[in-house]
Amino acid sequence: MNLSKKFFSLALLVVLFLCQLPSRAEDGYRLWQRYDLVQNKGLLKQYRKSLGEVVVQGASPTLTVVKDELEMGLGGLLGSKVTVSDQASKKGGLVVGTPATSSLIKELGLDQRLKEVGQEGFLLLSQKHKGNNYTVIAANSEKGVLYGTFHLLRLLQTQQSLGALNVSSSPKTKLRILNHWDNLDRTVERGYAGFSIWDWHKLPDYIDQRYIDYARANASIGINGTVLTNVNANSLVLTPEYLVKVKALADTFRPYGIKVYLTARFSSPIEIGKLKTADPLDPAVRAWWKSKVDEIYTYIPDFGGFTVKANSEGQPGPQNYKRSHADGANMLAEVLAPRGGIMMWRAFVYDNNVPDDRHKQAYTEFKPLDGTFQGNVLVQVKNGAIDFQPREPFHPLFGAMPKTPLMMEFQITQEYLGQGTHLAYLAPMFKETLATDTYAKGKGSTVGKIVDGSLDNHPISGMAGVSNIGNDRNWTSHPFGQANWYAFGRLAWDHELTSEGIAEEWIKMTFSNAPAQINPIKQMMMGSREAVVNYMTPMGLHHLMGWSHHYGPGPWIKDKPRADWTSVYYHRADEKGIGFDRTKTGSNALSQYAPEVQAQWGNPANCPEEVLLWFHHVAWDAKTKSGRTLWDELCYRYSGGVDSVRAMQKTWNSLAGQVDKERFEQVKQYLAIQEKDARWWRDACLLYFQTFSKRPIPQELEKPQGTLEEFMKIEPKFAPGI
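Residues in the sequence shown are numbered consecutively from 174, following this note's numbering.
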């Protein structure tokens, strides 16, 4: 028995032992892969009958992972040791593989159906063959087999019937990638769950079990790539001292279908190559990058490629040499292309020296470059035009660059959404953007169809999520932060899944299949993001957070080195009203959208109130849809956000004794922090904006505790996430 087999056998025994215990501390490490004994006796009987014999033929690293996962997962869920055989079954049971590895799957004649699911998709079928009943996981590739295996385990964890399976599933986007903003010193920019999980000191010689469990978790939700390093890049990661460590991670992740990517600092030819320039059109620079990429592939034969942040927030880039973003991206894409590598070039660019609305700058720079990027370049665009705010209208570049694949960038880490201590389920936010119609090619031209490449027939497509993972024992600090990691993966696989459905899956796999727990927890989750919007930035307000650390309110922030790093730049409050006029009478950012979108958002009388103050400067006494004045409506929204958190507290407290004590207490304490912070946000913002509105807070609402001067003196000294 090899070392891997010994480990999994031991792990299985531990799982089986723990499953028999009536209760135990739950630290959250297992995420949504808890594999505890199925409590529904009827389903358990069905599962044991359907999965009594398990056959996986083949001996590759990925198929070995499949076997190990089935032994561990089925062993825990069914409550008995499961042995995976490589001998063709003649008695029925579970059969897993490809037509090339499994004789039974080849005999079933699934060629046409397999052709339809592509290289990463899978079929999960109840199949009768020669008088025997089989549960079949079939795919064209071993990676597809792995995804199908995790889907089967998900069905068992969520207690679905295996009686008449007919699942055909394939990913809508090709690249489904986590972006780690991890620095080489193990700090994590905008990270709120401890330090980086990459222990560069111990690599490459020590492979932490956490790396394997990280790969398992990602593969289980279809994530197929990871960018290990911060977009504010450090050239050292491209040196041999680090590449040997990156290789160790790539080797660990490969059996799970996960490719490794790196962030490339544009000035690397100067910093580690000792050249005098990084000009992308300089032959010596191009030759240096070719040599560097060739070197990387000697370490990592399936290296995925680069993510680059250039000419943004002080990062070097091609504009330093009067070259375009396309010049810079194409230089790197050219040397990656022969190896199948991808160049992901971020569109997050803005310049304080440009006297134009920050909302407009990425569109202004990138729209003229449409069609000039090489075929293996994706332009990576944030969901909104500013910076991961609690709510933003979709980025105007979506729909504006039909000749260029645009890759979605979501932020899973909650930089502007309460960070690691606030409950904010982000699937509704992700869905809100993906489902929005750009009208780029008429009605139905949703952001999701642009991102998955189907609207413009792009052969490559992708979705990136800025990771919320750290070395905290439960991975994400807040237990509900795990749901955002999970939701990102599920939506990257299929953006048409519902937020409610994803939440229910996660709750069943993470907490319980009991309706008495599912329903109240789902209710909390589904309302949580809107609660955060209301107590932070209601009605289209944005970027009101504290200076630099972005924790807590700071609507008064001004007089900083950059105007677009201040709050007053965005809310524009004065004695007449509040909001940023982005119509023709203001910055005219609205003109960057299709006429149909302009019609929706252009008139303050018809503009959805969720984005009203994003596009319009509105008088304090203007009537809102509730019949209240704008000022009163803002007061009600801020107060409503606090009330929503209190309702979540009440709901969670009702689950005492039903949820394991460790996670119950952790969430309870975090909700107390969130309620305190929500009051802080409400009171500070209303007192500040009241200095302009000169109007009283409605009598029936809770009044601020403290003065504006006191709130303005608060400076969080311990906020994490550099």
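Glycine is no exception: its CB is placed at the ideal position from the N, C-alpha and C atoms.
- Boundaries of the alpha helix (DSSP H) around residue 418: 413-426.
- Residue 214 counts as exposed, since fewer than 16 other beta carbons sit within 10 angstroms of its beta carbon.
- Within the DSSP secondary-structure output, residue 802 pairs in a beta bridge with 796.
- Residue 409 is positioned such that its CB atom lies closer than 9 Å to that of residue 357.
- Per DSSP, reduced to three states, the secondary structure at residue 679 is helical.
- Contact between the region 327-335 and the region 281-291 is absent: fewer than 3 CB-CB pairs across the two stretches fall below 8 Å.
- For residue 220, the enclosing alpha helix (DSSP H) has its first and last residue at 214-223.
- CA-CA distance, residue 797 to residue 828, rounds to 38 Å.
- In this structure, the beta-carbon distance from residue 580 to residue 636 falls below 9 Å.
- The C-beta of residue 608 has fewer than 16 other C-beta atoms within 10 Å across all chains shown, which makes the residue exposed.
- The three-state reading of DSSP puts residue 518 in strand, counting E and B together.
- Rounded to the nearest angstrom, the gap between the Cα atoms of residue 437 and residue 553 is 15 Å.
- Around the Cβ of residue 526, a 10 Å sphere holds fewer than 16 other Cβ atoms; the residue is exposed.
- Annotated as distal: residue 695 and residue 331, with beta-carbon spacing of 9 Å or more.
- By the Cβ neighbour-count rule, residue 561 is buried, with 16 or more other Cβ atoms within 10 Å of its own.
- CA-to-CA, the gap between residue 596 and residue 698 works out to about 8 Å.
- With a contact defined as Cβ atoms closer than 8 Å, residue 600 and residue 675 qualify at about 5 Å.
- Residue nearest to residue 592 within the set 365, 863, 756, 296 is 365 (criterion: CA-CA distance).
- If one requires a minimum length of 4 residues, no alpha helix (DSSP H) run lies completely within the region 629-654.
- Just so you know, the alpha carbons of residue 345 and residue 323 end up roughly 18 Å apart.
- Cα atoms of residue 495 and residue 374: separation of roughly 39 Å, rounded to the nearest angstrom.
- According to DSSP, residue pairing for residue 567 in a beta bridge involves 557.
- Apart from sequence neighbours up to five positions away, the residues of its chain that approach residue 870 with a beta-carbon distance below 8 Å are 808, 859, 863, 876, 877, ordered along the chain.
- Around residue 835, the same chain offers 198, 199, 200 as residues with beta carbons nearer than 7 Å, after the five sequence neighbours per side are excluded.
- Shortest Cα-Cα distance from residue 335 to any of 852, 230, 354, 267 involves 267.
- Nearest in C-alpha terms to residue 704, of all of 490, 886, 855, 219, is 855.
- Inclusion of residue 563 and residue 629 in the CB contact set at 9 Å is not warranted, their separation being larger than that value.
- Here DSSP, grouped into helix, strand and coil, assigns residue 322 to helix.
- By alpha-carbon distance to residue 390, the top candidate from 765, 659, 885, 730 is 659.
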